[in-house]
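Written out below as structure tokens is the structure these notes cover.
There are 2 protein chains.
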Amino acid sequence: MRRQEAEALILSAAEKVFAEAGFGGATMQLIADMAGLPKANLHYYFPTKETLYRQVVQNIFQIWLQAADIFDQADGPAEGIGAYIDAKMEISRRHPEGSKVWAAEVMHGAPVIQDYLETTLTEWTNGRISVIERWISEGRMDPIDPRHLLYMLWATTQHYADFGHQIETLNGDTALSDAQWNAAKSSVKGIILKGIGAKDHV
Amino acid sequence: MRRQEAEALILSAAEKVFAEAGFGGATMQLIADMAGLPKANLHYYFPTKETLYRQVVQNIFQIWLQAADIFDQADGPAEGIGAYIDAKMEISRRHPEGSKVWAAEVMHGAPVIQDYLETTLTEWTNGRISVIERWISEGRMDPIDPRHLLYMLWATTQHYADFGHQIETLNGDTALSDAQWNAAKSSVKGIILKGIGAKDHV
DNA sequence: TCTGAACTTGACCATACGGTCAGGATGGCC
DNA sequence: GGCCATCCTGACCGTATGGTCAAGTTCAGA
């Protein structure tokens, strides 16, 4: 097996196990079993449990950042924020494990990715705040505090991944259907875009 | 020390440690140190780690349910949902540890409190859905899918506890001030209440 | 075919953890 | 004071875990 394949296999297994059990609850043996490899092999590619975990979290952060580019390419708040919500909802649907690992990491005080929060995330956030402030000054949306708007976007979209189990339970122990995911998306978009008074066509 | 005092002391310490380290990462020794008691004493009051954890989660759920009563006592959506947001934001501020433990528990598939999700939470949710549907039929708010509105309320308010560390980092490594908490509350309330077209005075 | 670097793995080790227990302290009550 | 139930705790134990290692296996390239 090539190095790349092996690492991808292990990372995928690790993401699942870390998401389900947390860093402390996850064991290298569990990850090894899920990847179908002997435990010692994991340590060949990733020297320590923490190395492996760090890599998992970094991968998630990358996906997360990519989706965020949509924000800038947009012409106005309805389009930009709408597309951003769609993108983040799609990530919540396709990569719920990653979202959970990220959430757990932050909840525990970000011991591993604190530097990312202080550099990349801070810069990205400030950039987006500028965009929102411009939209506001152009009268294309209400004068909302951009920070709290961003928090709301993160919270609502990631909730569908992080609290997916609760949502499924309340949905009669059934995963959301395509139609229900669409309903979720349009509910979130509808409420937020109306709530901030987004006007793309002034 | 009375039984009640000792248990309260241990539960408080346990809540903190479970929130910071997760169930798997928490150790009885850590909890004991934080409570200022020898480890063996913890096992006198709580036979196993899981017993202790279960008790912590149940306590959180109780607080959570109490705050939810506000919903019904209200006259209309703006008042009811507004008060509910205030109450949940206040819990996020005062009991961030509890919120984190709850979030982690749900993220890991609710191994300990699944029965609560299926009984109490389901009933509470259905009750609130009825209230919201009544408000809609009375024309006091837009025809929103009540479920997704509830998810949005939970997500946005709990985000300030669960992702408090991230928010503090983006706030220049400073805890939110009173003014900032008020800004957060009114931002959330403003966007959501406008977003659902809440009209208490038709 | 030979060589060596990359890869694989069963067996092993030190440690840390949840949990036990026996013996002792405490304090209310007669 | 004497008795008893409750409470407290240092020392201990079995186990599971992260990590190591030495002995292989594989395979590309000379």
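Top to bottom, those sequences are chains E and Y. Count the first sequence with this note's numbering and you get residues 5 to 206, in order. Count the second sequence with this note's numbering and you get residues 5 to 206, in order. Positions of the beta carbon are idealized from the N, C-alpha and C atoms, including for glycine.
Check, Outcome
"Say whether chain E places a C-beta atom closer than 7 angstroms to the C-beta of residue 114(Y).", "yes"
"DSSP three-state label for residue 31(E), please.", "coil"
"Comparing the C-beta of residue 93(Y) with each C-beta of chain E, is any distance below 7 angstroms?", "no"
"Can you list, in chain order, the stretches of the alpha helix (DSSP H) that have 4 or more residues and sit fully within the stretch 80-137 of chain Y?", "81-98 and 100-111"
"Do three or more CB pairs link the stretch 8-17 of chain Y to the stretch 195-202 of chain E at distances below 8 angstroms?", "no"
"As a quick exercise: from 46(Y), 27(Y), 103(Y) and 36(Y), pick the residue whose alpha carbon is nearest that of residue 7(Y).", "46(Y)"
"Pull up the distance between the alpha-carbon of residue 125(Y) and that of residue 43(E), whole angstroms please.", "40 angstroms"
"If residue 106(E) and residue 61(E) are in contact, beta carbons under 8 angstroms, what's the gap, nearest whole angstrom?", "7 angstroms"
"List the residues of chain E whose Cβ lies closer than 8 angstroms to the Cβ of residue 174(Y), in chain order.", "121, 125, 126, 129 and 151"
"I'd like to know if residue 163(Y) contacts chain E, where contact means its C-beta is closer than 7 angstroms to some C-beta of that chain.", "yes"
"With a cut-off of 8 angstroms on the beta carbons, I'd call residue 65(Y) and residue 117(Y) a contact; round off their distance for me.", "7 angstroms"
"Between the C-alpha atoms of residue 139(Y) and residue 151(Y), what's the straight-line distance to the nearest angstrom?", "14 angstroms"
"Considering only C-alpha positions, which residue in the set 144(E), 199(E) and 120(E) is nearest to residue 69(E)?", "120(E)"
"So that I know if they touch, is there some Cβ in chain E lying closer than 7 angstroms to that of residue 96(Y)?", "no"
"Of the choices 200(Y), 171(Y), 112(Y) and 26(Y), whose alpha-carbon is the least far from that of residue 97(Y)?", "171(Y)"
"When we look at the beta-carbon of residue 108(E) and count the other beta-carbons within 10 Å, is it buried (16 or more) or exposed?", "buried"
"Any C-beta of chain Y sitting closer than 7 angstroms to the C-beta of residue 206(E)?", "Its pLDDT being 46, under 50, residue 206(E) is placed unreliably by the model, and nothing is read from it."
"Around the C-beta of residue 129(Y), are 16 or more other C-beta atoms found within 10 angstroms, so that it is buried, or is it exposed?", "buried"
"Between residue 186(Y) and residue 57(E), what straight-line distance do the alpha-carbon atoms span, to the nearest angstrom?", "37 angstroms"
"Does chain E have any CB closer than 7 angstroms to the CB of residue 110(Y)?", "yes"
"Here's the rule: buried if 16 or more other CB atoms are within 10 angstroms of the residue's CB, otherwise exposed. What is residue 101(E)?", "buried"
"Counting only Cβ pairs nearer than 8 angstroms, list the residues of chain Y close to residue 86(E).", "Simply none; closest approach about 13 angstroms."
"Taking Cβ-Cβ distances shorter than 8 angstroms, what residues in chain E pair up with residue 160(Y)?", "155, 156, 159 and 160"
"Determine the closest residue to residue 148(Y) out of 182(E), 63(E), 190(E) and 91(E), with distance taken between C-alpha atoms.", "190(E)"
"What number of angstroms, rounded off, separates the C-alpha of residue 111(E) from the C-alpha of residue 52(Y)?", "25 angstroms"
"Can you tell me the Cα-Cα spacing of residue 28(E) and residue 31(Y), whole angstroms?", "10 angstroms"
"In or out: residue 164(Y) buried (at least 16 other Cβ within 10 Å) or exposed?", "buried"
"Residue 186(E) by DSSP, collapsed to three states: which one?", "helix"
"Under 8 angstroms Cβ-Cβ, which residues of chain Y neighbour residue 24(E)?", "112 and 113"
"How should residue 55(E) be labelled, buried or exposed, when 16 other C-beta atoms within 10 angstroms of its C-beta is the threshold for buried?", "exposed"
"Do residue 169(Y) and residue 114(E) have their CB atoms nearer than 7 angstroms?", "yes"
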